[in-house]
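In the order they appear, the protein sequences are chains F and U. Each residue of the first sequence is one higher than the one before, starting from 1 at the first, in the UniProt record's numbering. Each residue of the second sequence is one higher than the one before, starting from 1 at the first, in the UniProt record's numbering. To start, the structure under review is shown below, and the notes come after it.
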Amino acid sequence: MTMNDKVQSSRRTASSAPPPRRRFLKDAASVAGGAGLLALGAGMYAKQASALPATAIRPPGALAESEFLAACIRCGLCVRDCPYDTLKLAELGDSVATGTPYFEARDIPCEMCEDIPCVVACPSGALVRELTDIGEARMGLAVLIDQENCLNFLGLRCDVCYRVCPVIDKAITLERMHNPRSDRHAMLLPTVHSDHCTGCGKCEKACVLPGESAIKVLPIKLAQGSKAEHYLRGWEEKDAAGQSLIGDQVELPVRGMEDKAYGDTRLRPGDDAPASDPVPARPAAGGLDSGWKP
Amino acid sequence: MSTQTTTGGSVPRKVPPSSVRGAAMRGVVARPGLEAVEVKGWVRAHKWLLLRRASQLGILALFLLGPWLGWWIVKGNLSSSLTLGILPLTDPFLIAQQLAAGQWPYKEALLGGGIVLAFYALFGGRLFCSWVCPVNIVTDAAAWLRRRLGLKGGKAPAAATRYWLLGFVLVIATATGSLAWEWVNPVSMFHRGLIFGFGLAWGIVGGIFFYDFLIAPRGWCGHLCPQGAFYALLGRASVVKVSADKRSACNDCMDCFAVCPEPQVIRPALKAVGQDHPLILDADCTACGRCVDVCGKDVFRITTRFNRSES
């Protein structure tokens with residue numbers, strides 16, 4: 001009798017409210033779902049906002065960007081130990097991952113401290129301590145990106161980016177070229193070499209152009225094409241092997257050039273080859289036909 | 001629920017309510033602690049609050065002395081810092097995320113994380129929330145304003161949401177291979193913003209204030225924050241606890257429930273629900289001591305988990 005009562009009462013509770021286990025599972029599912037959505041939102045936002053703008057440069061020794069974002073705990077100790085206030089922490093809205101260190105070379109470039117205090121200060125492993133020679137740093141790669149406004153490309157001797165380069169004559173050299181515009185001057189073109197450029201950004205800072213710099217430090221991924229591994233550079237192979245890998249080339253005689261070195265097709269003054277007219281042509285002074293006769 | 005409120009409201013105030021739940025239905029106490037101020041004086045009725053604000057602002061000041069005055073006692077922020085050039089301190093919550101994302105920190109961070117971990121595990125996990133975290137000031141302000149304006153109701157998510165969120169924070173760290181939560185984490189962002197510059201982080205801090213103020217009472221710290229959940233888990237066996245050791249003197253004024261950021265932790269200790277001793281052992285208790293302050297009968301005091309005596 002009492003047994004029967006008990007069974008009935010338990011049935012009654014079961015019919016009025018869902019069993020506690022099911023209710024617990026339902027509650028837990030909704031809570032977990034809400035928390036999961038929140039986390040998913042944060043994760044997707046983080047993924048979407050993880051692209052680094054091209055002008056934002058990570059400190060020396062920084063891990064590759066994807067690993068850097070997993071390692072940097074955003075404490076700012078590298079910023080504190082930077083003696084030149086180069087580094088700053090990204091604020092929300094800066095389009096750099098919030099709280100991570102970066103610098104903009106046009107504002108304040110890296111001064112390439114020999115003791116690399118920012119790397120020493122990092123507790124998180126985001127800045128790699130194997131970097132002990134700042135010359136080995138590869139924060140980015142300078143690119144002379146605007147050849148139309150660079151003063152040296154216009155034929156002037158500005159040379160400022162070359163002069164301020166801490167790795168002068170290695171990271172940036174001046175390459176002498178013929179100036180086809182004047183036809184009688186040289187152009188000394190600042191040329192960056194990736195095996196020495198640390199990406200410090202002093203060239204970008206020093207560029208004399210009033211607004212944007214003609215030379216910019218870019219992320220290496222953006223600045224450099226990938227090497228054509230399938231293409232053997234004949235001159236490098238020749239240097240490595242001590243001789244040409246394909247042997248000497250067959251020399252075929254060229255009529256009228258028999259006395260010259262093979263491949264030399266230049267005409268020397270005094271050669272009575274095609275142009276025998278001693279009077280050079282002059283540009284027309286006015287109109288199509290100036291009427292000038294020799 | 002609404003019928004209970006109306007019948008409860010008709011009961012004269014001087015009659016002590018039969019149960020805590022019944023008293024809770026009577027409505028929110030707008031100005032808890034008035035009796036305590038009369039009995040103990042203003043300073044003693046705000047003792048732990050003042051100490052807590054001193055701790056929060058003092059720690060913040062230590063971080064700000066460097067950038068503001070050039071006195072570099074502490075460098076960095078709550079995520080990781082270096083004190084006097086030798087003592088590393090790192091937030092173990094960040095190390096946990098970092099490990100989940102697949103990176104291993106340097107030994108300084110591990111050591112610093114270990115020190116912080118040991119401290120909170122020993123003394124009380126959520127001491128971080130009430131004595132260090134700057135967001136506490138924001139959410140306390142929202143709760144205060146809520147009480148003063150008599151805002152009732154609101155929709156807060158389940159208090160367990162934070163534990164789920166903590167789990168998912170680690171999952172998304174692994175899934176994205178980055179500290180994804182740190183893009184939005186208001187706790188680290190607020191502290192870092194105060195020291196290194198805010199940007200738009202004011203928006204997130206303001207968002208938390210208005211969320212707590214207008215939408216969910218004690219919503220952020222009490223229901224959502226995964227960092228608080230992390231520290232709660234950390235301090236499950238910690239020593240510093242609040243005890244309702246003079247619970248026999250309780251007159252059910254409800255002031256402690258009105259000020260407590262985690263009101264669900266009080267009942268087992270105060271009303272002996274499911275336990276005999278008067279210790280608040282729930283890991284969600286932040287040991288903020290506001291219940292000690294506002295009680296006119298001095299029911300509560302801060303003690304250790306070993307002290308189960310009742311007076």
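Quick reminder that beta carbons are idealized off the backbone N, C-alpha and C, glycines included.
When the cut-off is 8 Å and only beta carbons count, does residue i lie next to chain U?
i, result
"Lys221 of chain F", "no"
"Glu114 of chain F", "no"
"Ala73 of chain F", "It should be pointed out that residue 73 of chain F corresponds to Ile in this sequence rather than to Ala. True, the Cβ-Cβ gap to chain U drops below 8 Å."
"Gly201 of chain F", "no"
"Tyr262 of chain F", "no"
"Thr86 of chain F", "no"
"Glu67 of chain F", "yes"
"Leu77 of chain F", "yes"
"Asp94 of chain F", "yes"
"Arg80 of chain F", "yes"
"Gly36 of chain F", "yes"
"Pro98 of chain F", "Before going further, note that residue 98 of chain F is Thr rather than Pro in the sequence given. At least one chain U Cβ lies under 8 Å of Thr98 of chain F."
"Ser213 of chain F", "no"
Assuming residue i is part of the beta strand (DSSP E), what are its boundary residues?
i, result
"Thr174 of chain U", "Not the beta strand (DSSP E): Thr174 of chain U falls in the alpha helix (DSSP H), residues 161 to 176."
"residue 312 of chain U", "As displayed, chain U neither begins before 1 nor continues past 311, which places residue 312 of chain U out of reach and without an answer."
"Lys155 of chain U", "No beta strand (DSSP E) holds Lys155 of chain U; DSSP gives it neither H nor E."
Can you give me the start and stop residues for the alpha helix (DSSP H) that residue i sits inside?
i, result
"Val167 of chain F", "No alpha helix (DSSP H) contains Val167 of chain F, which DSSP labels as neither H nor E."
"Ile137 of chain U", "135 to 148"
"Ile116 of chain F", "Looking at the DSSP string, Ile116 of chain F is not in any alpha helix (DSSP H), and its letter there is neither H nor E."
"Ala32 of chain F", "20 to 48"
"Pro268 of chain U", "266 to 270"
Please confirm if residue i has its CB atom under 8 Å from at least one CB of chain F.
i, result
"Gly27 of chain U", "For Gly27 of chain U, the predicted model reports a pLDDT of 49, less than 50, meaning its position is unreliable; a value from the coordinates is still stated below. Gly27 of chain U does not count as touching chain F."
"Ser81 of chain U", "yes"
"Leu200 of chain U", "yes"
"Val169 of chain U", "yes"
"Pro88 of chain U", "yes"
"Gln98 of chain U", "yes"
"Arg218 of chain U", "no"
"Thr161 of chain U", "yes"
"Ile208 of chain U", "no"
"Gln103 of chain U", "yes"
"Pro32 of chain U", "no"
"Ile172 of chain U", "yes"
"Leu84 of chain U", "no"
"Leu123 of chain U", "Reading off the sequence shown, one finds Phe at residue 123 of chain U, where the question assumed Leu. Not closer than 8 Å to any Cβ of chain F, the Cβ of Phe123 of chain U fails to qualify, so no."
"Pro157 of chain U", "yes"
Can you tell me which of the three DSSP states residue i falls into?
i, result
"Gly113 of chain U", "helix"
"Met187 of chain F", "strand"
"Ile59 of chain U", "helix"
"Tyr231 of chain F", "coil"
"Ser248 of chain U", "helix"
"His196 of chain F", "coil"
"Lys238 of chain F", "helix"
"Val128 of chain F", "coil"
"Lys216 of chain F", "strand"
"Met189 of chain U", "helix"
"Glu175 of chain F", "strand"
"Lys297 of chain U", "coil"
"Ala23 of chain U", "Reliability fails at Ala23 of chain U, whose pLDDT of 43 lies under 50, so the model's placement of it is uncertain and the value that follows must be treated cautiously. Looking at Ala23 of chain U - three-state DSSP - the assignment turns out to be helix."
Does the Cβ of residue i lie closer than 7 Å to at least one heavy atom of the ligand HEM?
i, result
"Arg308 of chain U", "Looking at this structure, you won't find the ligand HEM or any other ligand, since it has none at all."
task = Spell out a yes or no on whether the segment 202 to 212 of chain F and the segment 94 to 106 of chain F are touching, meaning 3 or more CB-CB pairs, one atom from each, closer than 8 Å.
result = These segments touch.
key: Residues from the segment 106 to 118 of chain U in contact with chain F, defined by Cβ distance under 8 Å   = Tyr106, Glu108, Ala109, Gly112
inquiry  = Counting only Cβ-Cβ distances shorter than 8 Å, please list the residues of the segment 51 to 79 of chain U near chain F, keeping chain order.
reply    = Gly66, Trp72, Lys75, Gly76, Asn77, Ser79
query = Per the contact definition of three or more C-beta pairs closer than 8 Å, is the segment 74 to 83 of chain F in contact with the segment 73 to 90 of chain U?
reply = yes
task = Specify whether the segment 158 to 171 of chain U and the segment 216 to 234 of chain U touch according to this definition: at least 3 beta carbon pairs, one from each stretch, less than 8 Å apart.
result = Yes: at least three Cβ pairs fall under 8 Å.
query = Are there three or more Cβ pairs, one per stretch, closer than 8 Å when the segment 180 to 193 of chain U is compared with the segment 112 to 125 of chain U?
reply = no
query = At a Cβ cut of 9 Å, what residues of the segment 176 to 189 of chain U count as close to chain F, listed as they run along the chain?
reply = Cβ proximity to chain F below 9 Å picks out Thr176, Gly177, Ser178, Leu179, Ala180, Trp181, Glu182, Trp183, Val184, Asn185, Ser188, Met189 from the segment 176 to 189 of chain U.
inquiry  = At a CB distance below 9 Å, what residues from the segment 118 to 144 of chain F approach chain U? Give them in sequence order.
reply    = Ala121, Cys122, Pro123, Ser124, Gly125, Ala126, Arg129
inquiry  = Any C-beta of chain U within less than 9 Å: which residues of the segment 22 to 33 of chain F qualify?
reply    = Asp27, Ala28, Ser30, Val31, Ala32, Gly33
ask   = Are there three or more Cβ pairs, one per stretch, closer than 8 Å when the segment 80 to 93 of chain F is compared with the segment 201 to 215 of chain U?
value = yes
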